[in-house]
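**Student:** Numbering-wise (this note's numbering), the sequence shown opens with residue -15 and increments by one.
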Amino acid sequence: MSEIRCPKCGEVFKVDESLSADIVRQVRNAEFEKEVAAREEKWRAERDLAAANAASAAREAMGEEVKKREAENAELRARIESAKATEELVVSKATSELRLQIEGLRTLMAEKDGELAAEVERKNSVIAELKGKMESQEASKQLETREIIANIERERDALKSQIQGKDAEKALSESSLKEAYEARLKEKEEQIAYYKDFKARQSTKMIGESLEQHCENEFNKLRATAFKNSYFEKDSDARDGSKGDYIFREMDRDGNELVSIMFEMKNEADATAAKKRNEDFFDKLDRDRAAKGCEYAVLVSLLEMDNDFYNSGIADVSYRYEKMYVIRPQSFIPMITILRDSAMKSVAYRTELEQIRNQNVDVTNFERDLNDFREGFSRNYRLASEKFQDAVDRIDKTIKELEKIKAALIGSENNLRLANDKAEGLTVKRLTRNNPTMKAKFEELGGGE
-15 MSEIRCPKCG
-5 EVFKVDESLS
5 ADIVRQVRNA
15 EFEKEVAARE
25 EKWRAERDLA
35 AANAASAARE
45 AMGEEVKKRE
55 AENAELRARI
65 ESAKATEELV
75 VSKATSELRL
85 QIEGLRTLMA
95 EKDGELAAEV
105 ERKNSVIAEL
115 KGKMESQEAS
125 KQLETREIIA
135 NIERERDALK
145 SQIQGKDAEK
155 ALSESSLKEA
165 YEARLKEKEE
175 QIAYYKDFKA
185 RQSTKMIGES
195 LEQHCENEFN
205 KLRATAFKNS
215 YFEKDSDARD
225 GSKGDYIFRE
235 MDRDGNELVS
245 IMFEMKNEAD
255 ATAAKKRNED
265 FFDKLDRDRA
275 AKGCEYAVLV
285 SLLEMDNDFY
295 NSGIADVSYR
305 YEKMYVIRPQ
315 SFIPMITILR
325 DSAMKSVAYR
335 TELEQIRNQN
345 VDVTNFERDL
355 NDFREGFSRN
365 YRLASEKFQD
375 AVDRIDKTIK
385 ELEKIKAALI
395 GSENNLRLAN
405 DKAEGLTVKR
415 LTRNNPTMKA
425 KFEELGGGE
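1. At what residue ranges does the stretch 197 to 244 contain a whole run of the beta strand (DSSP E), taking only runs of 3 or more?
2. Taking Cβ positions, are LYS260 and ALA281 nearer each other than 9 Å?
3. Closest by CA to LYS454, which one among MET46, ALA391, LEU367 and ILE389?
4. Less than 9 Å separating the beta-carbons of GLU336 and ALA36?
5. Give every residue of the same chain whose Cβ lies closer than 6 Å to the Cβ of SER214, excluding the five residues on either side of it in the sequence, and list them in chain order.
6. Using alpha carbons as the reference points, say which of GLU19, LEU156 and LEU169 lies closest to SER76.
7. Measuring only the C-alpha atoms, how far is TYR303 from GLU359?
8. Which same chain residues, not among the five before or five after CYS278, have their C-beta less than 7 Å away from its C-beta?
9. Per DSSP, what kind of secondary structure is MET328 in: helix, strand or coil?
10. Restricting to Cα atoms, I'd like to know which of THR91, PRO313 and ASP292 is closest to LEU195.
11. Is it a yes or a no for the stretch 208 to 228 touching the stretch 268 to 276, going by three-plus beta-carbon pairs under 8 Å?
12. Assuming PHE265 and LYS250 make a contact with CB atoms under 8 Å, what is their CB distance in whole Å?
13. Nearest-angstrom Cα distance between ASN291 and GLU54?
14. Just to confirm, are PHE293 and CYS199 a CB contact at a threshold of 9 Å?
15. Please list the terminal residues of the continuous alpha helix (DSSP H) segment that includes LEU269.
16. Please state whether DSSP places ASP476 in a helix, a strand or coil.
17. Under the rule that 16 or more other beta-carbon atoms within 10 Å means buried, what is PHE357, buried or exposed?
18. Just tell me which of ASN342, ALA134, TYR333 and SER296 has its CA closest to the CA of SER40.
19. How would you label ASN240, buried or exposed, when you count the other beta carbons within 10 angstroms and need 16 or more for buried?
20. Which whole-angstrom value is the C-beta distance of GLY228 and LYS276, which I expect to be below 8 Å?
21. If I measure Cβ to Cβ from LEU323 and keep anything under 7 Å in the same chain, skipping five residues before and after, which residues do I get?
22. Grab me the residues of GLY149's own chain with a C-beta within less than 8 Å of its C-beta, minus the 5 sequence neighbours each way, in chain order.
23. Are the CB atoms of GLU17 and PHE361 nearer to each other than 9 Å?
24. In this structure, what does DSSP give as the bridge partners for PHE247?
25. Going by DSSP, which residues form a beta bridge with ALA299?
26. Can you tell me the Cα-Cα spacing of GLY98 and GLU288, whole angstroms?
27. Taking the alpha carbon of ARG63 as the reference point, which residue from GLU387, GLY297, GLU202 and VAL331 has its own alpha carbon closest?
28. Is the Cβ-Cβ distance between TYR309 and LEU283 less than 9 Å?
29. From LEU458 to ASN404, what does the alpha carbon distance come to, in whole angstroms?
30. Quick one, are the C-beta atoms of LYS107 and ARG140 less than 9 Å apart?
31. Under the rule that 16 or more other beta-carbon atoms within 10 Å means buried, what is ALA327, buried or exposed?
32. If we ignore side chains and look at the alpha-carbon of each, how far apart do ARG363 and ASN399 end up?
33. With H, G and I counted as helix, E and B as strand and the rest as coil, what does DSSP make of SER157?
34. Around the C-beta of ILE389, are 16 or more other C-beta atoms found within 10 angstroms, so that it is buried, or is it exposed?
Quick look at the structure:
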């Protein structure tokens, strides 16, 4: 038996060991519930922190990937700007050289014209002087003078012919210089056209091969080393009435598909007399991609060579069709690498999310078990509390009955004490005080003795 003080009246009463153990268990269960609630709150905080860290890490990885792609685009733009600057420098230098040559020839012609004019003037003065001499010595030297004049005139005519020859030579030289300049200008224009074409065809080596052959050859160069688990073949399935050019699929070690790409190749030579645009092929490419179950659609195009949107590298047209891109041939291998790396990172993220999802399932199961335990514990606690309250009520009733019995016993004890006191004070004298007959009898009994 254990002693327990009543919380209402403060009186100490005794209970059996089973009831005492129930009361102690209730106190322990209350402490356990507080501990469980505290650990549950701590676990939820750790789970939210882990989820936030995982999301932050994913955002940082994607930010680094975006920065890397932006750096590559900036490098490509710098190379293009360098080619443009080189082109402009070459054209400017050639133009300056030609201008200097023309100015030099013009200066030379002007000097020659001045020399010829001075020579003609000198000859004219000689002729005038001789004519003066002829007038003074006309008779004696007329023949000689005529011969001299004839010689001078012939010399003058020769000089005029020489001047005309120089003019013709000058005109021919100017014409040849003009033709040379035009040839050099045409050559520079061809170089400009070459550099413009070079921006779109860098490292493609398209001489003697089609765009499809080029892409296939570029892939086959790296197939054995970089694309061991990849499939890259022509699309030969035309059951739906249409087919793409090539299909690329990448598998992991377990044979699961990581990424799939439908490729369409369009060369300027493939177009009709009416120039085609890249967007003319978007709808067909999207339908071919959907029919063959590919995730991405990529148009490898040499169309619209003057469109800077398509010349800037990888053109994202997913605003028109989901996961669709337009690239130049030099971006063929980098595009596959980018999509494959992105798919591998997505698989890693999916695996991590699956683990988190499994952890959440475990947590959900734990919460369900915890809730079941709490509900069962609460139910048992409620039943125990009801039984405890019932026992307390019964104890209170018993205490009240015992108090009544105690009061009754105390009253009986008082009555017995009074009776005992009365019995002890009872004497013959008191009994016969008001009873003469009994007094006489007792006196007689006493006298007889």
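Beta carbons are placed, not taken as given, at the ideal position from N, Cα and C, and that holds for glycine.
**Tutor:** Straight from the coordinates:
1. 214 to 218 and 230 to 235
2. no
3. Because the chain spans -15 through 433 in this model, residue 454 falls outside it and cannot be assessed.
4. no
5. GLU234
6. LEU169
7. 53 Å
8. ILE231, SER244, ILE245 and MET246
9. helix
10. PRO313
11. yes
12. 6 Å
13. 20 Å
14. no
15. 266 to 275
16. With the chain covering -15 to 433 only, the question about residue 476 has no answer from this structure.
17. exposed
18. TYR333
19. exposed
20. 7 Å
21. VAL243, ILE245 and TYR280
22. none
23. yes
24. TYR230 and VAL282
25. VAL310
26. 57 Å
27. GLY297
28. yes
29. Any answer about residue 458 is impossible in this case: the structure gives the chain only from -15 up to 433.
30. yes
31. buried
32. 53 Å
33. helix
34. exposed
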